[in-house]
DNA sequence: CGGGTTCATGTAACCGATTACATCCCCCAC
DNA sequence: GTGGGGGATGTAATCGGTTACATGAACCCG
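Protein chains in written order, with my numbering: chain A, 1 to 341; chain B, 342 to 682.
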């Protein structure tokens, strides 16, 4: 390994000068700089990242703590985060499969000293608690957490409102028996979306039924199974709202297999608007989330905090969502304009 | 920030002892160890990663260089890599959106000194070349690269063979006019799959047509467009083989929109077997790739090299693929047993 | 011509860990 | 009692950068 001292010797200057050249300090004379650069290239020198971050106390990387990493959603999210980070000269240290408090705590511990800031997505209730143990002024942005205390910067989706609007839309289309395939019970997004569903039913004076709330786990397979259970209900629902697109797609599959027409016999809607949604048969109505923008936004917030040393604004930001009405729920067009069937 | 010296002072021992306790050295007395540990916890001490890796010359992380990060494929891949890495106490430094030689070179440069080894996925021709500039004994595993020189460890999919088998299957079902929606022309997997398609046609004495080879870019949208172009052909194909599942799904969507029955009027097949594939309507026949196993395998190979200092075995490993026949191409069951229609 | 200013460069302390080597203590055998 | 051995602990060098401060040369001006 060639070090800064090797370069300094070969270029007949001091290590300080080499360091200055590397960091584009203005205090170096043109010819000296050129000579040093040439030597550096010739020797194939590249600075040792660990040494540098030991003395600068900056790592130029940010940590990303994620839960189970399933499906298109996370690919989009990581893409959004990475592009923003790269644009600002930062690297990404990613740790996935962290769901509960214990593993998150371990992961946070392991990341200490490796990153300048953290994006933490911990949708399980209380899972974000270990974040409190981080050093006081360490920059953190929480993603889709139920950070009730408002002690952190956080970004959440307009889950409840989006779900409410979608279910409202279904009601406006004339549906009265509306089922929901819910996400994991211990998941913030899932419970919020469920609340939105309840709110919409309540607002319309409809009473939900326990039987029409079937649990899933955000995977296609669980949506498939849940839908089959719904089809066996005596009072079969005329519309199914799934907690995310993956489950909605599973449901579409179960309906197709059972020969149930969509949207004629049963309407279906999802949440997220993953890229796949519009290519379903029929194209899936869903609640659009700009996933990569979510990642980008979180990263900007974090880098802002990292850059100017400011830490917690303790600000919770809500990313709006929009209804995307395609054919899987019948009655195209704007919700309000749709006539009930 | 609390350092090892703070702990040493508070526990009335030397820094060496604290370091030994942290690293579970056997040279520490039971009571001393306990005292140090207690103090460390009380002060909230955790070792500075950069300092440690400066003196140990190990970072406990591996770098992952990826291209454009689209869709379920990459979520699965990252999951496989991360789980294996975590299991061995390694972290993941991920950099995406690196396609051409120039950006890959920059990314490699940026990763130097930050990681103990690299997994590089560079499907564009020649994109893996900058890897040669890495230090001699630096562990690297290439993923799906056309590493012709065999100068590196690499893992590739049985792209050509898988494509050949699938097209052969379509031929065995009686199809004669078989189109292909190809991936990006400058992509290793894409060109290999295309070669498999050609090989199968040739083996059956069929002549392909330029018109039946429509380019896509591995996204659903491109599959959709490509399929529409195929539908406008005078001699419309009776089967469509897509270079990956995302494009196959786009094609299914275009066919459904055009009212063309699948598999009755046109058979469709894809490649990858992303989780979504079996939930399509009709369920998508495809070539199964165990994506997360691919990531796991690459990581194992890399960590093996990192661990025992051994570097390039210069061994190219091929991950087998298997046909998964579902309903989108008609004639279920084993390929050979299917009767032509 | 002397003193002050400016600017390129050098010297060496420092970041926070690991670890080779030194030291010290205790115990045991002769 | 003394010398030797071994195990626990301490001291200080080291990893490879950054940067405060020192140095010294060139230049300007009164």
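Even for Gly, the Cβ is constructed at its ideal location relative to N, Cα and C.
Because the structure is a prediction, the values reported are computed rather than measured.
Evaluate the contact criterion for the stretch 78–86 of chain A versus the stretch 17–31 of chain A: three or more CB pairs, one atom per stretch, below 8 angstroms.
no
Under 9 angstroms between C-beta atoms of residue 540 of chain B and residue 464 of chain B
Not a contact, by the Cβ cut-off of 9 angstroms.
Please confirm whether residue 265 of chain A has its beta-carbon closer than 9 angstroms to some beta-carbon of chain B.
no
Determine the direct distance from the alpha carbon of residue 181 of chain A to that of residue 389 of chain B, and round the result to whole angstroms.
46 angstroms
So who's on the other strand from residue 497 of chain B, going by DSSP bridges?
B:659
Taking 9 angstroms as the threshold (C-beta atoms), are residue 98 of chain A and residue 66 of chain A in contact?
yes
Taking all protein chains shown into account, decide if residue 248 of chain A is buried (16 or more other Cβ within 10 angstroms of its Cβ) or exposed.
buried
So if DSSP puts residue 627 of chain B in a beta bridge, which residue, or which two residues, is it bridged to?
B:665
Host alpha helix (DSSP H) of residue 48 of chain A (start-end):
Segment: none, residue 48 of chain A is in no alpha helix (DSSP H) and carries neither H nor E.
I need the DSSP call for residue 119 of chain A, collapsed to helix, strand or coil.
strand
Within 9 angstroms, strictly: CB atoms of residue 60 of chain A and residue 87 of chain A
no
Please classify residue 448 of chain B as buried or exposed, where buried requires at least 16 neighbouring CB atoms within 10 angstroms.
buried
Residue 570 of chain B and residue 538 of chain B - do their beta-carbons sit closer together than 9 angstroms?
no
Does DSSP put residue 556 of chain B in a helix, a strand or coil?
strand
Residues of chain B with CB closer than 8 angstroms to the CB of residue 19 of chain A, please, in chain order.
Ordered by position in chain B, no residue passes the 8 angstroms Cβ test against residue 19 of chain A, which lies about 15 angstroms from the chain.
Using 8 angstroms as the Cβ pair cut-off and three pairs as the minimum, do the stretch 601–612 of chain B and the stretch 462–481 of chain B touch?
no
Secondary structure, beta strand (DSSP E): runs of 3+ residues fully inside the stretch 179–255 of chain A
213–215 and 239–242
Using DSSP with H/G/I as helix, E/B as strand and the rest coil, what is residue 19 of chain A?
It is helical.
Which residue marks the beginning of the alpha helix (DSSP H) containing residue 445 of chain B, and which one marks its end?
442–452
Report yes or no: is there a C-beta of chain B within less than 9 angstroms of the C-beta of residue 344 of chain A?
Because chain A spans 1 through 341 in this model, residue 344 of chain A falls outside it and cannot be assessed.
Taking the alpha-carbon of residue 298 of chain A as reference, which of A:13, A:18 and A:317 has the nearest alpha-carbon?
Measuring from the Cα of residue 298 of chain A, the nearest candidate turns out to be A:317.
Using a Cβ-Cβ distance cut-off of 9 angstroms, determine whether residue 198 of chain A contacts chain B.
no
In whole angstroms, what separates the C-alpha of residue 3 of chain A from that of residue 20 of chain A?
15 angstroms
Which value, in whole angstroms, describes the spacing of the CA atoms of residue 525 of chain B and residue 409 of chain B?
12 angstroms
In this structure, what does DSSP give as the bridge partners for residue 405 of chain B?
DSSP output for residue 405 of chain B lists B:435 and B:460 as bridge partner(s).
Since residue 224 of chain A meets chain B, which of its residues come closer than 8 angstroms, beta carbon to beta carbon?
620
Whose C-beta lies closer than 6 angstroms to the C-beta of residue 194 of chain A among residues of the same chain, with five residues either side of it excluded?
182
Residues in its own chain within less than 7 angstroms of residue 115 of chain A by CB, not counting five upstream and five downstream?
Take residue 115 of chain A, set aside five residues on each side of it, and the residues of its chain with a beta-carbon closer than 7 angstroms to its own are 59, 61, 62, 63 and 93, in chain order.
Along the beta strand (DSSP E) that carries residue 143 of chain A, what are the first and last residues, could you check?
140–143 is the extent of the beta strand (DSSP E) around residue 143 of chain A.
With H, G and I counted as helix, E and B as strand and the rest as coil, what does DSSP make of residue 269 of chain A?
strand
Tell me the DSSP secondary structure of residue 264 of chain A in three-state form.
coil
Skipping 5 residues on each side, what residues in its chain have a beta carbon closer than 8 angstroms to that of residue 350 of chain B?
none
Determine the DSSP secondary structure at residue 11 of chain A, reduced to helix, strand or coil.
helix
Could you tell me the alpha carbon to alpha carbon distance between residue 57 of chain A and residue 140 of chain A, rounded to whole angstroms?
17 angstroms
DSSP three-state call for residue 509 of chain B: helix, strand or coil?
helix
Using DSSP with H/G/I as helix, E/B as strand and the rest coil, what is residue 621 of chain B?
If DSSP states are grouped into helix, strand and coil, residue 621 of chain B belongs with coil.
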